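The structure appears right after this line, and notes come after that.
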Amino acid sequence: MATETPAELRSALSRDTMVINLGPQHPATHGVLRVRLELDGEKVLRAEPVIGYLHTGFEKTAETHTYQQATTLTDRMDYLAPMSNNLAYVLAVEKLMGLEVPKRAQYIRVLFAELTRLASHLVWLGTAVMDLGAMSLFFYCFREREIILDLVEATTGVRMNPSYFRVGGLAYDLPDGFHSRCQAFIDDFPRWMTSFRGLIENTLVEDRLRGVGMLNREQALALSVTGPMLRATGLAHDLRRAEPYCFYDEFDFQIPTRTEGDSYARMWVRIEEMYESLAIVRQVLPKITPRGPFMTADRKVALPPREEIYGNMEALIHQFKLVSQGFPVPKGEVYQAVEGPRGEMGFYLVSDGGPRPYRWRARTPSFYNLQSLPELCRGELVADVIVNIGTVDIVLGDVDK
Amino acid sequence: MILSIVILIVKIVLLIGILMGGFAYTMLLERRMLGFFQLRLGPNRVGPAGLLQPMADGIKMMYKEDLMPAAADPWVFRLAPVVALTAALSVDAVIPFGAPIHLLGLTISLDIANPSVGLLYAFAFSSLGVYGIVLGGWASQNKYSLLGAVRSSAQLISYELAMGLSVMGVLVMAGTANLEKIVQWQGTHHLWLFIPQIVPFLIFFITAMAETNRTPFDLPEAESELVAGYHTEYSGIRFAMYYIAEYVNMITASGLAVTLFFGGWLGFPFLPPIIWFLLKVGAFLMVFIWVRATLPRFRYDHLMNFGWKVLLPIAFVYFLGTAAFATGVL
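Here the protein sequences line up with chains E and W, keeping their order.
With our numbering applied, the first sequence covers 1118 to 1518.
With our numbering applied, the second sequence covers 7 to 336.
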């Protein structure tokens, strides 16, 4: 077509391949992913993801922020699962400082990390099925996600980038009546999942997904693929179980796995994970008392309470120093990862002893998972590329950072 | 003589008016229904309950700039939507909308033409519609359009045979290809043909969805894959022509299904025949919309497998059975 010169067209030896740009503005690339496809008819010979359209330089920006301020950057990377990113980051800083965090705060973190996972998987389910051409499920999934976002909003005041987890604990306590609202969601959700499954448990969806985007365990490990994609190849690797944080070892949950390694397996791993997340939420909610400590007692990290600031000189100075300069973090380096909805979400921090990180590196799961796209798409059809992008479940903010 | 020409012209104008109005309100119905299916309201701002929305859309389409890519083939690019729309409108010429009426001593049948090979005519013209898609996709000089065009021709050859075979049973049973006579046969035998021909009816309906490029067979314009497929480069009134063609095709396919399998205008006498016909067509349109709200899209090789390996053999075997039964072999 247009990119071929007439001379090439005339030549008998011209290869009949067509290079096509999928994206960066394309309805199914979930943001600004660009995939260069080399096609023979509709068969994909080569798929090459081209990334960087959403590069924001978070890692460099964070070096100019105090540790507490940098939390807000983590929200904006994987904007569908901001709390997981918060969690990985604050755990990393707390590990470096050896900070003691109240158990209640850790439980609330678990609660919101799992609610975030549910919200993120709901968006994934809606968009992945919309890529297949079925629109309605998208709206149903977003309605359920809206209920989770309402819970988040009631707690933090915002819906998308809450920055709720802070180094040392949480930004605010839970609002009044949170438990009953959350319980209502827990009770309601399985019913909706059943109706969602009614829309996707049919041969059309199965035909589109089964055997598409094969990735075996060796390839997955070689490509550093983590999360549901890895578990769909049969390896039950989940950081919540492998390296428990936030008292995850107290909860009873399964790690769903599948052995096929195709898109269908990835879909079902995620759907089963939603049930497991719901089980964790159900277990953790009664453990959280309606009122209680939510921030570390260490006054070198936690802001003094409001009433003290207005009456106590030392508290006022403390508040001013913490907000304007931040707190120093001991010299050293640390890596802490959590199991995000998309896989291993990790932070590698290097501290030079000052109040700002020397190096702030994010190991974002989508970036590594996207590496598998050329493997997944080789030899398949254009329609399958869309399926693969959908079941890899990328968030471009997470890829480009 | 002059009277019959006048009547013919009146009928043509009426038919095109009905089809255009039908298109406009099918589209509105679809958007509203999809809205309700998807927890939205759909367009409800223009006029009472959004009833004037089609006018607003039409005016908007007319005033949009008619863009053409620099590399496009200007003739074919301009002609293709016209082909698609003409083919779509022409099919309806043979579909009888109601029982023949008697006026001024004349018997006026409610179709424009009533050829003895009406069914063949309908099939011939409905297949022509794919030329509009293929030519439009080819002439756009856009890779997505090209893929859409290739897909639609692949789709055509996969469903067309099964579709043809699925109505053969009707032909054999009614003993005529004249659509009006097929309906009359169903009236005199008090038997709507979907009862003996339920399997061919289902095949016909599935292939009709493929012919109209509707979900789950909307491969040529698969939004999430090919941006907009064959009409990616079209804008303004030419885009509207494709859009109209799709909806008119839907109405036509529903009309054919009603005529062949559901007794056309026949119904209980408390409503006039034309209302019965329109009600039945409306019911089919609702099914089209319902399916669109529910199902995902086929992959194009699956569609070809489905057409060739499932629909075609079933249609063929059922047709042989019908033929054997009708001729008294069985």
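Beta carbons are placed, not taken as given, at the ideal position from N, Cα and C, and that holds for glycine.
Every value quoted in this text rests on a predicted model; they were computed, and no experiment measured them.
Use the C-beta contact count for residue i: other C-beta atoms within 10 angstroms, 16 or more gives buried, fewer gives exposed.
i, result
"Asn-1092(E)", "Since the first residue of chain E shown is 1118 and the last is 1518, residue 1092(E) is not available in this structure."
"Phe-312(W)", "buried"
"Pro-1458(E)", "buried"
"Ile-204(W)", "exposed"
"Phe-274(W)", "exposed"
"Leu-277(W)", "exposed"
"Asp-1379(E)", "buried"
"Thr-1173(E)", "exposed"
"Asp-1192(E)", "buried"
"Asp-1305(E)", "exposed"
"Gly-1496(E)", "exposed"
"Val-1509(E)", "buried"
"Arg-1221(E)", "buried"
"Glu-239(W)", "buried"
"Leu-197(W)", "exposed"
"Ser-122(W)", "exposed"
"Met-256(W)", "buried"
Tell me whether the beta-carbon of residue i lies closer than 7 Å to the beta-carbon of residue j.
i, j, result
"Ala-183(W)", "Leu-126(W)", "yes"
"Leu-1487(E)", "Val-1451(E)", "no"
"Gln-1442(E)", "Pro-1472(E)", "yes"
"Pro-1482(E)", "Gly-1344(E)", "yes"
"Ala-1396(E)", "Phe-1370(E)", "yes"
"Gly-124(W)", "Leu-25(W)", "no"
"Ala-160(W)", "Gly-143(W)", "no"
"Ala-1164(E)", "Leu-1490(E)", "yes"
"Glu-1456(E)", "Asp-1355(E)", "yes"
"Cys-1494(E)", "Val-1161(E)", "yes"
"Gln-44(W)", "Ser-1297(E)", "no"
"Phe-1282(E)", "Val-1210(E)", "no"
"Ile-1511(E)", "Tyr-1224(E)", "no"
"Met-33(W)", "Tyr-248(W)", "no"
"Val-173(W)", "Leu-266(W)", "yes"
"Ser-1394(E)", "Glu-1176(E)", "no"
"Ser-164(W)", "Leu-309(W)", "yes"
"Gly-1428(E)", "Lys-1448(E)", "no"
"Pro-202(W)", "Phe-304(W)", "no"
Which residue wins for smallest C-alpha separation from residue i, given the options the options?
i, options, result
"Ile-118(W)", "Ser-172(W), Pro-206(W), Val-97(W)", "Val-97(W)"
"Ile-1506(E)", "Asp-1248(E), Arg-1387(E), Ala-1353(E), Met-1391(E)", "Asp-1248(E)"
"Pro-60(W)", "Pro-80(W), Leu-40(W), Glu-36(W), Tyr-240(W)", "Glu-36(W)"
"Ile-139(W)", "Ala-94(W), Ala-86(W), Tyr-69(W), Ala-130(W)", "Ala-86(W)"
"Thr-1178(E)", "Ile-1511(E), Tyr-1475(E), Thr-1508(E), Glu-1492(E)", "Tyr-1475(E)"
"Met-1113(E)", "Gly-1315(E), Gly-1351(E), Leu-1321(E)", "The question about residue 1113(E) has no answer, for chain E in this structure spans 1118 to 1518."
"Glu-1360(E)", "Glu-1431(E), Ala-1251(E), Gly-1463(E), Glu-1377(E)", "Gly-1463(E)"
"Ala-1349(E)", "Lys-1404(E), Glu-1390(E), Met-1214(E)", "Glu-1390(E)"
"Tyr-236(W)", "Leu-14(W), Leu-141(W), Asp-72(W)", "Leu-141(W)"
"Gly-288(W)", "Arg-303(W), Gly-270(W), Arg-305(W)", "Gly-270(W)"
"Asp-1366(E)", "Pro-1166(E), Thr-1413(E), Asn-1203(E), Gln-1400(E)", "Gln-1400(E)"
"Tyr-1170(E)", "Gly-1148(E), Leu-1291(E), Glu-1159(E)", "Gly-1148(E)"
"Trp-314(W)", "Leu-167(W), Met-68(W), Leu-285(W)", "Leu-167(W)"
"Ile-212(W)", "Gly-242(W), Lys-70(W), Met-67(W), Val-297(W)", "Val-297(W)"
"Phe-1411(E)", "Pro-1219(E), Asp-1267(E), Trp-1309(E)", "Pro-1219(E)"
Opposite residue i in the DSSP bridges: which residues?
i, result
"Trp-1477(E)", "Leu-1466(E)"
"Asn-148(W)", "BP columns for Asn-148(W) are empty, so no partner."
"His-108(W)", "Thr-113(W)"
"Arg-37(W)", "Answer is none; Arg-37(W) lacks a bridge partner."
"Tyr-1452(E)", "Tyr-1465(E)"
For residue i, which residues in the same chain have their Cβ closer than 7 Å to its Cβ, ignoring the five residues on either side in sequence?
i, result
"Ile-1137(E)", "Leu-1154, Leu-1156"
"Val-178(W)", "Thr-328, Ala-329, Ala-332"
"Leu-1420(E)", "Gln-1436, Leu-1439"
"Gln-1300(E)", "Leu-1402"
"Leu-1204(E)", "Arg-1226, Ala-1230, Phe-1282, Val-1455"
"Arg-1327(E)", "Asp-1379, Tyr-1381"
Excluding five sequence neighbours on each side, which residues of the same chain lie with their C-beta closer than 6 Å to the C-beta of residue i?
i, result
"Val-233(W)", "Tyr-150"
"Ala-1236(E)", "Arg-1262, Ile-1265"
"Tyr-1485(E)", "Ser-1341"
"Leu-9(W)", "none"
"Leu-134(W)", "Ala-93"
"Phe-29(W)", "Ile-250, Tyr-253, Val-254"
"Met-1200(E)", "Phe-1229, Ala-1230, Thr-1233"
"Pro-279(W)", "Gly-104, Ala-105, Trp-271"
Starting from the C-beta of residue i, find all residues in its chain whose C-beta is less than 8 Å away, skip the five residues before and the five after it, and write them out in chain order.
i, result
"His-108(W)", "Ile-114"
"Gln-1107(E)", "The shown model of chain E, from 1118 to 1518, leaves out residue 1107(E), and the question about it has no answer."
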